[in-house]
Each structure stands twice: as structure tokens, then as C-alpha cells.
Amino acid sequence: MPFFQLNDIFDQTVALLLLAAVIGAVALKLRQPLIVGFIAAGILAGPSVFGIVRTANQVHFLAELGLALLLFVVGLRLDVGLIRKMGKVAVATGLGQVIFTAIIGFVITLALGIQVVPAIYIAVALTFSSTIIIVKMLSDKRETDSLHGRIAVGLLIVQDIIVLFVMIALTAFSGGQSQDIDLQILLIIAKGAALIAGLGLLMYLVLPRLLAVLARSSELLVLFSIAWAVGLASLSESLGFSLEIGAFLAGVSIASTNYREIVGAKLVSLRDFLLLFFFIDIGSGLDLRLLGHQVWAAIPLSIFVLVGNPLIMMVIMGFMGYRKRTSFLSGVFIAQISEFSLILAALGLKLGHIGPDTVGLITLVGLITIGLSTYMILYSNLLYEKMSPYLKIFERQVPHREQAVDAAEDETRQAEVILFGLGRYGGSIGSHLVENGRTILGVDFDPRAVESWNNGGQTAVFGDAEDPEFPASLPLSTARWVISSVRERTINKALIHALEQHGYRGSIAVTAHTVEEAEDLKSAGADVAFIPFLDASSQAVDIIMAVDEEERRKKMDNAIAKMSNHYIICGYGRMGQQIAGDLRHNDVEFVVIERNPAQLPKLKEQNIPYVEGNATEDRVLLDAGIERASGLISVAATDEENVFIVLTARGLNQDLFIVARSILEENEDKLRKAGANRVMSPYVLGGRRMAASILKPRVMDFLDIALHAGGIDIEIGDIVVPESAPFANKTIRDSGLRKSAGVIVLAVKRRDGRIYGNPDADLVIEPGDDLIIMGTSEQLAAAEKMLSG
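Reading the sequence shown from the start, the letters are residues -4 to 784 in this note's numbering.
Structural data, given as C-alpha cells:
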């Protein structure tokens, strides 16, 4: 090919792309689909305006590639399971809408004075709704998972199947020179059956294994998919069918595999780019002078599509038992003709069945309906509010069908968590989530991981987290979490951005290598960022600490089990902490019972033996060794709790000396009746002490020094005199307590309760007396030693 010729093609392509970009931007500004802009760009590029298109064969070639990929992607979407899930409504609305629209459209077309064969083409063209428009608008409005959205998609699938048969039928009659039509039809049917049978064998025997190998490389998978679509399209054309049929069947052959979502997502951008040339090709072939004559015919046909198609849809769905709102919204989405209508017109022109004027009329109707229906879809909810009072006739008194769908939806739990990456780390996350009752949809680019996950009883699909279009195929509306165990920052950022673009409103968790990377991903939109190595080390430390805690708890339990004649403090609030400090200062063994988790760290830090639990329970008191204890001090938060503690403790140990705190004075008798030996009111004692501090400040200072000061070794203690004591039945002077032990006897309490304060030196010490003595710690110890001689 000479250089100048190549340069001419290059210049033409550049000019077309620039024009399409400008007109496309204008279309977006006017909130119109790009299809409208591209057809307008084709008209401007054609001979009627700028005459940019000079080498039509190149544009036509790219247009056919775009068509092949469009039909291939449509075939990928052929989900028979969706039709089965939607029940009768997909088939009924699909077939009903095609039949009624075709009949009424044919009558209107004939009434406009158009001949029979062109009228048939126009009527059939009016029946198909735009796959691109409907899917795009559903995605933009985030209504893909809505009931009316799924009904519209189900209808599209039925229409796609009908398109296939229409194209086969047109191909059968394309050989105008043949005299034996019956033989030609039989030959076409035989070729079609052979093509489908051969494709079926490939689908079950070859494609799953081949795709599993190719899927290890996304580039190779996409390359094979394009080659498969184009190759089968070429084979179809060589067998006498159209290339569109072959491309459609190529998509169907992969639709049943795990790779259809990722293949479809990867090809969307390339498909849209090449379809640009298809719409430019149509537009450039239109003659504006012919279009001017078609306006008056296009207006009633466009009104029929914009109004008649939704009405037909509402009548069918109302009869089936759906609510008027669902029927109306479903009908609004199909109020335009399809890109397949333009394909059908192009095929009819190619076969010689219709002329350019008919193609122009169908294209003009397409421009009008696509443009206006876009606004109808955008403002569908507002339109429904305005028209709702007049739509009652399209609804049964009891919309039983939709009520059944509602009930089925309530019973069907969709994925709560979408998990990207099913390797060891992701698989472990998924397994733990499943164990905790979460429904998981796994996603992985490794077909073996997907197969393993599905074989394990879970649901997984083949997909690429980096593909911006892939999240649109996931149940984002029901997912509460999207989790990525993939450790590539760029992939996670792409996934976060794609989820935001597709309107995901749940939480996102991703995986990072470092703390810095985790912060970067959080700033990009992630709610949580896992750091596996750091998390694993932290978890290892937690395990070690847990083992240490368990070992420490065992040692503490063993120490408590060995205690005897110890004291139990019930409650470790401010008063309990003070009591514990005093007992520890006096080397008295004790155990604390505490149920408040906030207080436990203090006990651990101070290495104080404790039992966690409620002191009103037998088990907790027994764990604290109440059967071997000498005394119990109950300083719980409320009087009621202290009463229960005293009752329980007295029942477990009748000899226990129990001291209880009473917050309210009227509860002191209750505590004594419950079994408390002493009842202390902090408010009464505090009041007396404050009064004494004013009346006898120096005395109180001395007592504080004696009882609480740590710097001066002066203590006050008590000893009970047994009958075996050497100084029993002797006077205080003769007892030797002052001379031998060095202690001062401050008071004597008799068994009968009489108390002698500052006793006379000639007072006789009797067995059973309780002597209150004062001295240093060594002197008190010496006095106690004298009790045994």
C-alpha cells in the first residue's frame, strides 16, 4: 500500500475520532446517550455535510468488528437462569411486547403508505429495545437489582433470542436467485443445526478446559475471546448466515463458563470504541434530503414507540399481577428502538430487501426515541408520581405475582460479603466469615481457586479486581462488605475507585504491605486496611500474652487454694483499694472479688490475688476460699448487693467474721440480720472523724500518725488473752506488758462488753479480755509472743 494512501486513511480516521469526541461531549452535556452523538457525527462526516468519509470500506470494516463484539457481549449475557428466576414475566413480556408491537407497528406503517416488505422491516425494528441504553441507564440509576430492572433485562434476553431467529430467517431468504426456496430453507436449517451441534460439543468438551488455561493471563483471555468472536462470525458468514449470528453464538458458548463476567467487562471499552464506527457508518450513509422527507412518517412511529411500547408492557404485566409502579418503570425503560433495529435495517439493505429511504426512516425513529426515552428514564419516578392516579386500570386489585416475588426475595439471602482473592489469606478470611454465619461471594482471577471454592460448597466467580467494569456484575446493593485480600496497592486503589463509580455504599476492607500503604489506601476510600505480616505478628504476641495470662491465672488460683485464715474483699472500688492497701501493709493475706472489667487491670498491675465474678454467687466465693477464710469485707456498690453477699457468705461459713459497708443508715439492721458482725457507714464514720478533726485536731493528727503514717513506727493493735496466757489473772502492772514488751495498754474490753479506757495499772487482766495496745511493730509482736509464754 503506498504511503500517501495509508496517510489518507489515517487522516480520515483522526478527523472522525475528533469529530465524534466533540459531538459526543455535546451529547453528554445535553444528557443524551453517546449513540445519538455518534450517529450525528456520522451524518456530519457524510457526503451531505463535511464529506470526511472518503474511504468507506475502512470505516465499514471497523463497524463490522464493532457489531461482532456487540453481539458477542450480548451472547455472554444470555443468562437462562435469569429467565427461569423471573418466571413467566420475562417470556410473557418479551414475546408479548414483540408480537403486539410488530402487529400494531405494521398496521401504522401500512397506513402511512409504505410498501409491505419495508413495512415488515420497520415493524420488526420497532419491537426491539436498546440493550446498551437500558443496561447503561439501569447502572447509572443503580436500579440493576430492582424488580423492574431485572424484568427489563429478562425482556432483553428474550428479544436477543428473537433477533437471532429473525437474522437466520432473513439469511434463509437472502438468495434471491434460487428457485427452490424449500430446499434452500432446509439447507440453511441443516447448516444451522450443524453449527449449533458443533458449538455444543466445543462448549462441553473443549472450551471449559481451554479457558481455564488461558485465564491465567488476562491479556491472553481477552485476545482469545476477540479471536473466538471474530472467527465464529466469519465461519457463520461463510455458511450463509450473517456474521452477527456467529458472534452471538460465540458469546453464548462462553456464557455458561465462570469467565463470562470478566470477559464481558474487559471487552466493554473495546466494543464501545468499535461501535463508534458502526454508528458513524450508518450516519455517513444517510442522505439528509431523504431524512427530510421521512420526518412526517417518523413522528407517528416514534410516538408509538415512546407511548405504545410502555402501554403494551403495562397491560401485559398488569394482567400477570404486577403493581402499576413496577409495570410503568419497566415500560419506560423499553421506550426506544434498539441498536439491533439499525443492524436489522443494515442487513435488509445489504440483502436488497429495503432501500436507503427505509434505513433512513428507521434511523430517524431511533434518533428520536433514543433521545427522548433517555429523559423519560432519567425522570421516570417523577413521571410516575404525575401519572400514578391514571394508571390504576393497569393493576389488578391484588398484585399477587409481585407479592410472590417479594416473598421469594425475602427468603433469598444474597451475598453479605464480596471477597476478592481466594488464596490462603483470603480463603482463611472467607472460612472464618462463613463460620460466623456470613454469606460470601468469592471472586478470584485464578480459575483453580474459583473451582476449589465452589467445590467447597461456597459461591465464587471468576473476575479481575482491577477491571473498572467488573463490579457492575456483582450484587453491590446487598453487600455490607467488600474485602480484598489482594496485596497490590494499584489493584486495591482501582477496586475502591470502581466501587465508588458503581454506587457501592457499604464498607471496604483491603490488604496492604506496610503501615504507610495502609494509610494511603484509607485515604483513597478504604474503611479498613489489613497488614497481614504486622497483623500476624500482633496476633502471635496476643497468643503469647494469652498463654502467659493463662499461666499467671493458674499460679494465682493455686496460691488462693493454699490460703487459710485469709480475708476476702468483695469490691475493688475506692474503699476496697484502701482496705487492700492496709491489709497488704500489715502482711495480711487476702483475696479480692471483682466483677467490673475496668478494675481488673489495677489488680493485675498490683499483683493482688483476685477472682473475677459476682460475690453473690456460691461458686465465686468458693473460688476465693471462703470455707478457709477468717473474715470477709463487703464493700460492693449498693446496699442490696452487700446484703446478698453477706447472706451468701454466712451460709457458706458460719464462723466467718463479716464486715459490711452500709451506704444508707436504715439498711444497717438488714445487714446485721443477714449475718454481718460489723456494719460500717462511711458517711457516719466520716462525719465523726471530721467533727473530731475540728474538736481534737492534735489527737486526730496523732491517730493518723499512729494508724496511717509510714514514716513513724507507731501502731495500735489488739490481743485476746487466752486462759493459758502467763499474765492472765494478773494486774496490768504485774503482767510485764509494759516492762517486757514495751507496749501501752490503752483499753480493756471484757467478755460481757464492758470497756475500761485508760485502765488503772491495778486492773486485773482476765482470760477472754481484748486488750487494745499501742507500740512499735516489734513491741506488738513481742506482746503477742507473750500470750504463749
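Think of the CB as a built atom: it goes at the ideal place given N, C-alpha and C, for glycine as much as any other residue.
Quantities reported herein were computed from a predicted structural model and do not represent experimental measurements.
>> Just to confirm, is the Cβ distance from Leu150 to Ile332 under 7 angstroms?
In response: no
> Would the beta-carbon of Val158 be found less than 6 angstroms away from any heavy atom of the ligand HEM?
Replying inline: The ligand HEM is not part of this structure, which contains no ligands at all.
> Considering only residues of the same chain and omitting the five flanking positions on each side of Leu356, which have a CB-CB separation below 7 angstroms?
Replying inline: Ile117, Gln289, Ala292 and Ala293
> Can you give the Cα-Cα distance for Asp650 and Tyr605, rounded to whole angstroms?
Replying inline: 22 angstroms
>> Please identify the residue among Ala260, Leu642, Ser629 and Val86 whose C-alpha is closest to the C-alpha of Glu461.
In response: Ala260
> What residue from Val583, Phe323 and Thr506 has the CA that sits closest to Gly144's CA?
Replying inline: Phe323
> Around the C-beta of Gln172, are 16 or more other C-beta atoms found within 10 angstroms, so that it is buried, or is it exposed?
Replying inline: For Gln172, the predicted structure reports a pLDDT of 47, less than 50, and the residue's modelled location is therefore unreliable. A value from the coordinates is still provided. Its Cβ having fewer than 16 others within 10 Å, Gln172 is exposed.
> Taking the continuous beta strand (DSSP E) assigned at Ser479, which residues delimit it?
Replying inline: Trp476 to Ser479
> For the beta strand (DSSP E) that Asp515 lies in, which residues bound it at each end?
Replying inline: No beta strand (DSSP E) holds Asp515; the alpha helix (DSSP H) holding it covers Val510 to Ala519.
> When burial is assigned at 16 or more other CB atoms within 10 Å of the CB, is Asn560 buried or exposed?
Replying inline: exposed
>> Considering only DSSP beta bridges, list what Gly626 is partnered with.
In response: Tyr562 and Phe652
>> On a Cα-Cα basis, can you pick out the residue from Val510, Glu464, Ala507 and Trp476 that is closest to Ala493?
In response: Glu464
> Would you call the CB atoms of Ala330 and Asn304 closer than 7 angstroms?
Replying inline: yes
> Are there 16 or more other CB atoms within 10 angstroms of the CB of Met382, so buried, or fewer, so exposed?
Replying inline: exposed
> Can you round the beta-carbon distance between Glu239 and Ile338 to whole angstroms, since I take them to be within the 8 angstroms contact cut?
Replying inline: 6 angstroms
> Tyr317: which of Val300, Val630, Phe389 and Asp267 sits nearest, CA to CA?
Replying inline: Phe389
>> Which residue marks the beginning of the beta strand (DSSP E) containing Asp582, and which one marks its end?
In response: Looking at the DSSP string, Asp582 is not in any beta strand (DSSP E), and its letter there is neither H nor E.
> Ala455 lies in the beta strand (DSSP E); which residues open and close that run?
Replying inline: Thr454 to Phe457
> Going by DSSP, what residues sit across from Lys744 in a beta bridge?
Replying inline: Ile750 and Asp765
> How would you label Phe160, buried or exposed, when you count the other beta carbons within 10 angstroms and need 16 or more for buried?
Replying inline: exposed
> Does DSSP put Val759 in a helix, in a strand, or in coil?
Replying inline: strand
> For Leu25, which of helix, strand or coil comes out of DSSP?
Replying inline: coil
> Ile750 to Val743, Cα distance in whole Å?
Replying inline: 6 angstroms
>> On a Cα-Cα basis, can you pick out the residue from Val112, Asp543 and Leu516 that is closest to Ile491?
In response: Leu516
> Just checking my contact of Gly70 with Phe243 at CB under 8 angstroms: how many whole Å lie between their CB atoms?
Replying inline: 4 angstroms
> So Ser657 and Val641 are in contact, right, with Cβ under 8 angstroms, and what is the actual spacing, rounded?
Replying inline: Rounded, the Cβ-Cβ distance is 11 angstroms, inconsistent with contact.
> Should the stretch 730 to 741 be called in touch with the stretch 752 to 770, which here means at least 3 C-beta pairs below 8 angstroms?
Replying inline: yes
>> DSSP has Tyr605 in a bridge; who is on the other side?
In response: Val587
>> Considering only their Cβ atoms, is the gap separating Ala723 from Ala777 smaller than 7 angstroms?
In response: no
>> Here's the rule: buried if 16 or more other CB atoms are within 10 angstroms of the residue's CB, otherwise exposed. What is Ala114?
In response: buried
> Cα separation between Asp790 and Ser472?
Replying inline: Outside the modelled stretch of the chain, which goes from -4 to 784, sits residue 790, for which no answer is possible.
> Ordered along the chain, which non-local residues of its own chain (more than five positions away) have a Cβ less than 8 angstroms from that of Pro754?
Replying inline: Ile727, Val740, Ala742 and Val743
>> Quick check: what's the CA-CA separation for Asp664 versus Ile563?
In response: 22 angstroms
> Helix, strand or coil: which one does DSSP assign to Ser383?
Replying inline: helix
>> Using CA atoms only, rank isn't needed, just tell me which of Leu367, Ala192 and Thr509 is closest to Arg26.
In response: Leu367
>> Assuming contact is defined by CB atoms lying nearer than 7 angstroms, are Ile574 and Val615 in contact in what I supplied?
In response: no
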